[in-house]
Structure formats: C-alpha cells, structure tokens
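Take a look at the structure below.
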Amino acid sequence: MDGPETRPKSSPKSTVVRHPEFYFTDGSVVLIVEKTALRIHQSVLARHSEVFKGLWDVPQPSKLETYDGCPSVVLSDSVNDFVDVMRVIYDSFHFDKIAPETSLTELVTFISGILRISTKYGMLQIRQKCISIIQDKFPSTLAGCDDVLRRKIQYVPSEIVRVIPLARETNVPRVLPWAFYLCAQISVEELLENQTLSWRDKALCLAGKENLWEMQRTVTHTFLLNFQPSPHCSTGCKMRMPTTFTLEDFESLRTSPHLLEEYQDWTGLRLCAKCQAFAQAQHREGREKVWQKLPGLFHLGTWDDIFKDQSC
C-alpha cells in the first residue's frame, strides 16, 4: 500500500479551496487533494487507517507544511474518491444507502472510490465492507452463483467491464472469474470496441468464451447432444429423446455460452423418471466441474490461488 505523499505545495495556498462538507473548525490536520482542503480529525483518521496512523507515529520534521494553522499533507488521489471515504468515516450509516434493489451501475459508482482509497491507505474494515458488497453480486462459490441467478440480477455490460480493472487495481481477485464469465456473454464486436478493458483482458474474455462453449457442449449439457439413458431405463428413452438438438444448435451458443445457468425444460425431453434423474445428476456434476475450472478457463489460476492472493 502506498503512503500519502508529503511534499511542499507548488502552488500558492490561495489556489486551494476548502471542501464545503469536510472542513471542520476543530479539525487537527488538513489533507489537500486536487487543490481541495479537507480539515479533519487526526485521531479519527488514524483509527481507521493503518497508513495514516503510522505516518503520525513517526517524528515529524520541524518545518512541517501547514495550512490554516494545522499540519497539512498533499495527497495524489481523486478528491471525489477521498470525499466518498470521508462520508463512510463520519457517517456510520453511509453504506445503508445501498438498498437490495440498487442497480449494478449505482453500486459500482458508489463503491469504486471507497474501495480504492481504503485499499491504498490500509482502511481494512472499510475495505472488507466494500468487498462483501461487491461479492454479493460477483460470487466466488457455486452456491453464491446459484443465488445471484435466482435473484435475476441485471448485469449491464458497461458495468461488468468496470469491475474487472477495479478488482485488479484493488486486489480483489475473487470477483474476477464471475466477472469474466459475464463478459463472455458480450458479443465479440462489443468486447473489441470496449474502451475500459485492457487488450490483455479482452483476449482473456475471448479465450474464455471458447472454453466455456466447449465445456457446455462436452460437460454440462451433454444430455442434449449425446444423450445416454440411465442404466436402469426400461422405457426406450433414447429412441424417444427429441432429436432437435444438433451440433449446429450448440454452435449458435458460441457467442453467449451460459452453461452455469441450470437447465429447466426437463419435461420437454419426455424422459422417464430414472433417465431424467440420471441426466439431472450429470448436469449438476457438470456445473460443479465448470465452477471449479472457471478461473483457469480465463487464465486466472485456480480458486486456491485466488483465495491465497486475496488476503482480505
């Protein structure tokens, strides 16, 4: 984590404006972010941030920069991001503004700056809260995946692609496999034209899209293309199975493979109870296999690697 940048201010103090919300008359330290002064309480900031606590534990030089009679520190951050964190620190109910029905667009906008600043300055409790909120929409377990699918969360492509660079910047790799999985539903044209994703991540999306389609064909939905009856079938299900599912049908899924979504139209297959249970078990086991392999399909390592990399 990077510490605050303490350097002499190159511009006159008259060019610095006081923030209308976070300039407390009884504040003891001034943080200057993008020429905006925030006068806040050193003890409050130190209680939330390991970095700032460590900064003030170190003996300060005799000629410390001051602003309005208080020690001042110049930070090279976004003032909007920093103000978002101040709202969390000074308003214990700030996170309550995220309602269950909050859209992904609003959530990503709300959380991004807070996650960036809390990560950079060692605000661990705030960071963990941000991660729990975003992981509610971007799960790292198959049970969590099933939950978001049941809730029918609306994933907007323009917001999904914002999550990937944010997760990389703030070391939250647990959200990446599901984010990349969702990106694989985006058309190739949209992916290539996207200005948010790096070319490396675009390449990972395209490679993962092919890998997902192959696993949908050979692992999760084999009962549609190459039906095998239950060993205990006595009603000739193989002969009665609809023959409308062809390789060409699966080819059409190549642009948007959604193999982790549970298959629903079991009655339409006209199978006996034993064959249906047999196919459902294959489908369930296939989904579990895909989930275990999901990070590797996008060259993200394994789930064990990811959980090890994200310490908190």
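Each residue of the sequence shown is one higher than the last, beginning at 168 in our numbering.
Ideal Cβ placement from N, Cα and C applies to all residues, glycine included.
Worksheet item: Which residues in the same chain have their Cβ closer than 7 Å to the Cβ of residue 305, if we skip the five residues on either side of it in sequence?
Response: Sequence-distant Cβ neighbours of residue 305 in its own chain, meaning closer than 7 Å and more than five residues away, are 330, 342, 345, 346.
Fill in: Backbone CA spacing between residue 423 and residue 372 [nearest angstrom]
C-alpha separation (whole angstroms): 11 Å.
Worksheet item: If you compare alpha carbons, which of 267, 208, 287, 281 is closest to residue 297?
Response: Out of 267, 208, 287, 281, the CA that lies nearest to the CA of residue 297 is found in 281.
Item to complete: Using alpha carbons as the reference points, say which of 315, 399, 388 lies closest to residue 447.
Response: Among 315, 399, 388, the Cα nearest to that of residue 447 is on 388.
Practice prompt. Could you pull the start and end residues of the alpha helix (DSSP H) that residue 300 belongs to?
Written response: For residue 300, the uninterrupted alpha helix (DSSP H) run begins and ends at 291–302, by DSSP.
Discussion item. To test your reading of the DSSP string, which unbroken alpha helix (DSSP H) runs of 4 or more residues are found completely within the region 245–278?
Written reply: Runs of the alpha helix (DSSP H) lying entirely within the region 245–278 and spanning at least 4 residues, in chain order: 246–257.
Fill in: Straight-line Cα distance separating residue 184 from residue 168
Here residue 168 scores only 49 on pLDDT, less than 50, and its place in the model is too uncertain to base an answer on.
Item to complete: Could you tell me if residue 260 is buried or exposed, where buried requires 16 or more neighbouring beta carbons within 10 angstroms of its beta carbon?
Response: Within a 10 Å sphere around the beta-carbon of residue 260 sit fewer than 16 other beta-carbons, which makes this residue exposed.
Discussion item. Along the chain, where does the alpha helix (DSSP H) containing residue 332 start, and where does it finish?
Written reply: Annotation: the continuous alpha helix (DSSP H) that includes residue 332 extends over 324–336.
Practice prompt. Kindly indicate which three-state DSSP category residue 186 falls into: helix, strand or coil?
Written response: Looking at residue 186 - three-state DSSP - the assignment turns out to be strand.
Worksheet item: Does DSSP put residue 240 in a helix, in a strand, or in coil?
Response: In the three-state scheme derived from DSSP, where H, G and I count as helix and E and B as strand, residue 240 is classed as strand.
Worksheet entry | Unbroken beta strand (DSSP E) run spanning residue 315, endpoints | Looking at the DSSP string, residue 315 is not in any beta strand (DSSP E); the run it does join, the alpha helix (DSSP H), is 309–317.
Worksheet entry | Same chain only: Cβ atoms within 7 Å of residue 426, ignoring 5 sequence neighbours per side | Closer than 7 Å at the Cβ level, and outside the excluded window around residue 426, lie 379, 382, 383, 387, 388, 457.
Worksheet item: Is it true that the CB of residue 262 sits closer than 8 Å to the CB of residue 200?
Response: Cβ atoms of residue 200 and residue 262: not closer than 8 Å.
Practice prompt. Please look up how many angstroms separate the CB atoms of residue 195 and residue 208, rounded, as I've assumed it's under 8 Å.
Written response: With a Cβ gap of about 6 Å, residue 195 and residue 208 count as contacting.
Worksheet item: Looking at the unbroken beta strand (DSSP E) that takes in residue 203, where does it start and where does it end?
Response: Per DSSP, residue 203 belongs to the beta strand (DSSP E) from 203–207.
Discussion item. For the alpha helix (DSSP H) containing residue 457, name the first residue and the last one.
Written reply: Start and end: 440–464.
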